[in-house]
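Going by my numbering, the sequence shown opens with residue 46, and the numbers climb by one from there.
Cβ atoms here follow ideal geometry from the backbone N, Cα and C, with glycine treated the same way.
See structure below.
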Amino acid sequence: MPDVNRRSAFLTFGAGVGAVAALHAATVSAAPTSAPGMTHIADLTRRLAAAPRRRDFTTVPFMLDRMELWDHEASALLLDYRGGPKQVWESSDIAAAWPNLIRESLNGQQFAHGNTDFLAVSATHGTAHLALFNQSIWDKYGLAGNTGGRFARNDFIIVPPDVSPADDHQNVNGFYGPGNNSIISLQRRGVVMIACHDSIHAIARGLARQGSNADTIAADLTNNLIPGVVLVPSVVAYLVELQRSGFTYAKAA
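What follows is the structure, given as structure tokens:
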């Protein structure tokens, strides 16, 4: 009897591994690859802008286990980018200096080291994820209350007036200076903001204590991500994929 039990357990385990392998194969085969020679940030930015974003959900589950629930086409483009260098910043605290650190890294790579095709990615989760929602959804759910009183509105998506990419990069008060840590400006420079479904659903569960359904709120939050964001199932899991694809890891906060 023990031998039979061990054999059954092994067969069950083997079936599970086979199912996971089949799912992985299907995911890889369905994901688009970059065009040959796509090594320039401008090409990546253009193709990312054209990649589908699903923002018409009525409900989303706790765990994303189907590709149609996240931005897998845009993700595949990111992972297949052959330019560089490539750096991923883990950003988790909305009150920390993560946009400033990304801006400083971008400036150094582009202007000091001459790496004009440098790609910076923000793997955004925790309270930092609130910065990836538009102002209307902040107003609807009172998301300022999730910031511990540090922010009354989503200041991260506000671009200072009178700044332009044409500014002298030595101008402290210009587009490239510390007064402009807007994530919108960072996106204009090729930075990619990664959104985390796990964080979205966690925020939704907190809001659902007021009597609403968490899956419905999570869908509403997802539908109101700012333009250009790439939604993945789990940022902490996606960090593994990014590092496997040659991204250097940096912790913002």
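Starting from S244, trace the alpha helix (DSSP H) in both directions and tell me its first and last residue.
242 to 253
Where F156 falls, given that 16 or more other Cβ within 10 Å makes a residue buried
For F156, the number of other beta carbons within 10 angstroms of its own is below 16, and it is reported as exposed.
Alpha carbon of V285 to alpha carbon of I245, nearest angstrom:
20 Å
From K296, G273, A298, residue whose alpha carbon lies closest to that of L89:
When only C-alpha atoms are compared, the closest one is G273.
Nearest to R127 by alpha carbon, out of D200, A259, L164?
L164
Which parts of the segment 158 to 220 are runs of the beta strand (DSSP E), unbroken and 3 residues or longer, counting only runs that do not cross its ends?
The qualifying runs are 164 to 169.
Backbone secondary structure at Y283 - three-state DSSP:
Secondary structure at Y283: helix, using DSSP grouped into helix, strand and coil.
What are the residues that DSSP puts in a beta bridge with W134?
S167, A295
Kindly confirm or deny that the segment 135 to 155 and the segment 103 to 120 touch, where touching means at least three C-beta pairs closer than 8 Å.
no
Check the DSSP bridge columns for I239 and list the partner residues they point to.
A168, V275
For the segment 93 to 143, which segments carrying the alpha helix (DSSP H) assignment without a break, of at least 4 residues, lie completely within its bounds, in sequence order?
117 to 124
Considering only DSSP beta bridges, list what L270 is partnered with.
F178
Please confirm whether V277 and I239 have their CB atoms less than 9 Å apart.
yes
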